[in-house]
Each structure stands twice: as C-alpha cells, then as structure tokens.
C-alpha cells in the first residue's frame, strides 16, 4: 500500500513539473519575441522624425524668420540623408545638413539640430522636409517628415499711402477726344474704363503724348501727322477698357466726338474699384470757346486749339480731379492736327 501511494505521488509530481515547464516556455516565448522586435527593428520603433518651428515676423518689412528644429523619434542612431526647403533639395539649412548623425542616447552625437530660414514678404508658406536613415538590428530603414508653415501678411501698412495709379491725360480738338493712359510711374495693376453716353466710334490714337513742365503742369505734345484710327464702336454697355501693369508705358485712345458726347472714366487699382464720385469729360464743355463748330466743324484755318488735363491718380479719390477743373485745366495752341478715321 505504501509503495503504491509513493509511486502515485512521484508520478503526480513529475506531471506537475512537466506542466509548469510547459507553461513557463509558453509565457517566455512571446516575451522573447517582443524583446527581439525591440532589438531588431520592429515597425513600432521606426518613427518619422520630429520637426518643430518658431516663426517671427518683422512688421517693418513683412519678412518672416523661421527657426526649424529637427530631431529623431527612434532610439537608434540615424543620419540625415536628404533636406528639402520649399520643395528644393539643399545640402544644409543651418545645422540641418545632409550627413549629420543624430542619437537620442549618445554623448557624442546631438539629439537635434536647428536651422534658420528667412522668408520675404509676400510668400504665403514655407515647407521643410527631412529624411532620416537608420539601422535597426540588421534592417536599414528610411523615414521622412514634411512640415508646412502658413505665413500671413504681417506687414504694418498703417503708415503706407495708397499705391500710385496712372497718369490720365485728355486732349480735345474740334472732332476728337483723345485719352492718354500712362502707368510708367504707377505702382498698381490698373484698369481704366471709358463709358460714352452714346454710341461712338473709337480707336487707337497715334502722335499724341505729353510732358510735365517745371511747375508740374501737363504740356500736350501732338505731332503734325497725329491721327485716330476709329475702327471700333463703344457705348455705355460696351465701354473701352485699358489694362496696364505697373511700369507700362502710354496708351492713347481716341473717340470721334460730336455734340453731347460725355465720357465717364472709371478706375480699378489692384482689383479694387475706386469710389470717387463722378469723373465725366464733356466734349461740349471742352470745346466751348474754341474756334470751331461743336458739331465737328473745321475751325480756324491757321491754328487749332487743343485742351488737356492731367491727374496723377492716387487710390482713394484723386481721379475726381481728372478733367474736372480745380485749377488743372489748361489751353495750348498749336498748328492744325489732322485726324484720320
């Protein structure tokens, strides 16, 4: 009886030891596998680099200064293998340089690097992209990170005046009304519209220009063979539109004038239509007192009066001075001008 009980106990103990050993192995295997993943580059350990930044604006110039800081997020040693600034590959942006090695746990290699980028006023965003390459166990992996900074217009415009618009000069004889639009000194994209109150022939005018005298007054300059090629029709519903970029030279547009003709002038600078009230040039008013018939007569035989007015237009209302008097009106006498329709 005792021998039988002892055998059973020994068998039971052996079975228990075998079960315990099996359980221990079962629990140890996942742990070993987990340690292996950490050691040899499990996907969870290969992370994209981290890009931080601070951005400051100079309100006097509107320029931005961006301080970029790049650091790895993995424990292994990594190397910067590519740097792109605003989509273009560069060797370095400050200390953010191709070939730089980083490590979060090394006294001999930096844990992060920084670089400064200067961005001029008017640029709406800046982007930095950095690629890291590192070896995790026996595997070499590459990760990249791209960060974009949106840049607002931070310039202080409180002390700035409105942009200069074009010079607009008009010249009148007995049968034509000619406008010269000159944006050579202007600072804005300009659209000038001429809306007649009646259907009228118009076209490109040649031989018309102007100068500015010592007192700042406009002096009409009209060549002997000046002419207007009236090959189009304009009306209030179909105005004449002249577009100029900053720095563009002069464009001359001539209208075949008759009694009652009025031209309404409109101005848009940099896409903003100006509110300046009425700006109307009346043919009747301009030829009043000239030696010719308002209806298109030939006028005097020796001389043909020509009138002109100019305004250096400034956004915000200066166009109201255009052809509306205010001390700007003047009369110049010259020899007969021949117009061809």
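Numbering (mature numbering (1 follows the signal peptide of the UniProt record, and there is no 0)), first residue to last: -28 to -1, 1 to 313. We put the CB at the ideal spot given by N, CA and C, even for glycine.
Between residue i and residue j, which are expected to be in contact by the criterion C-beta below 8 Å, what is the C-beta distance as a whole number of angstroms?
{"i": "residue 59", "j": "residue 112", "result": "Wrong, their Cβ atoms sit about 26 Å apart, outside the cutoff."}
{"i": "residue 201", "j": "residue 176", "result": "5 Å"}
{"i": "residue 225", "j": "residue 166", "result": "7 Å"}
{"i": "residue 204", "j": "residue 194", "result": "The Cβ separation is near 22 Å, so there is no contact."}
{"i": "residue 123", "j": "residue 97", "result": "6 Å"}
With DSSP as the reference, identify every bridge partner of residue i, one or two as the case may be.
{"i": "residue 110", "result": "Paired residues: none, contrary to the question."}
{"i": "residue 175", "result": "202, 226"}
{"i": "residue 170", "result": "Paired residue(s): none; residue 170 is not in a bridge."}
{"i": "residue 29", "result": "36"}
{"i": "residue 330", "result": "One cannot answer for residue 330 here, as it falls past the ends of the chain, which runs -28 to 313."}
{"i": "residue 181", "result": "193"}
Straight-line CA distance for residue i to residue j?
{"i": "residue 101", "j": "residue 235", "result": "57 Å"}
{"i": "residue 95", "j": "residue 181", "result": "39 Å"}
{"i": "residue 119", "j": "residue 252", "result": "54 Å"}
{"i": "residue 241", "j": "residue 162", "result": "5 Å"}
{"i": "residue 197", "j": "residue 255", "result": "22 Å"}
{"i": "residue 206", "j": "residue 139", "result": "22 Å"}
{"i": "residue 219", "j": "residue 64", "result": "38 Å"}
{"i": "residue 173", "j": "residue 217", "result": "26 Å"}
{"i": "residue 24", "j": "residue 190", "result": "58 Å"}
{"i": "residue 52", "j": "residue 33", "result": "34 Å"}
{"i": "residue 157", "j": "residue 75", "result": "58 Å"}
{"i": "residue 184", "j": "residue 130", "result": "31 Å"}
{"i": "residue 28", "j": "residue 44", "result": "25 Å"}
{"i": "residue 237", "j": "residue 127", "result": "33 Å"}
{"i": "residue 159", "j": "residue 245", "result": "15 Å"}
{"i": "residue 169", "j": "residue 215", "result": "21 Å"}
{"i": "residue 31", "j": "residue 257", "result": "49 Å"}
{"i": "residue 82", "j": "residue 92", "result": "31 Å"}
{"i": "residue 116", "j": "residue 88", "result": "20 Å"}
{"i": "residue 192", "j": "residue 57", "result": "54 Å"}
{"i": "residue 114", "j": "residue 84", "result": "17 Å"}
{"i": "residue 26", "j": "residue 73", "result": "23 Å"}
{"i": "residue 19", "j": "residue 77", "result": "16 Å"}
{"i": "residue 125", "j": "residue 213", "result": "31 Å"}
{"i": "residue 260", "j": "residue 233", "result": "13 Å"}
Once you ignore the five residues that flank residue i on each side, which residues in its own chain have a CB closer than 6 Å to its CB?
{"i": "residue 222", "result": "152, 154"}
{"i": "residue 54", "result": "103"}
{"i": "residue 22", "result": "43, 45"}
{"i": "residue -2", "result": "In this predicted model, residue -2 has a pLDDT of only 43, less than 50, meaning its place in the structure is not dependable; the value taken from the coordinates is given anyway. Correct list: empty, nothing qualifies."}
{"i": "residue 50", "result": "44, 74, 104, 106"}
Going by beta carbon distance, what residues of the same chain come within less than 8 Å of residue i, once the five residues before and after it are set aside?
{"i": "residue 86", "result": "39, 40, 41, 42, 66, 67, 68"}
{"i": "residue 243", "result": "161"}
{"i": "residue 228", "result": "147, 148, 172, 173, 174, 200, 202, 313"}
{"i": "residue 70", "result": "52, 53, 54, 55, 63, 64"}
{"i": "residue 150", "result": "142, 143, 144, 177, 180, 200, 224, 225, 226, 227"}
{"i": "residue 61", "result": "54, 55"}
Under 7 Å Cβ to Cβ from residue i, same chain only, skipping five residues before and after it: list those, please.
{"i": "residue 90", "result": "35, 37"}
{"i": "residue 211", "result": "165, 166, 167"}
{"i": "residue 107", "result": "48"}
{"i": "residue 187", "result": "none"}
{"i": "residue 80", "result": "none"}
task: Jot down the residue ranges of each uninterrupted beta strand (DSSP E) in the stretch 188 to 260, minimum 3 residues, whole runs only, in chain order.
output: 190 to 206, 212 to 216, 222 to 228, 234 to 241, 252 to 254
Inside the stretch 37 to 75 only - beta strand (DSSP E) runs reaching at least 3 residues: 50 to 57, 60 to 62
4-residue-minimum alpha helix (DSSP H) runs that sit fully inside the stretch 78 to 153, ordered along the chain: none
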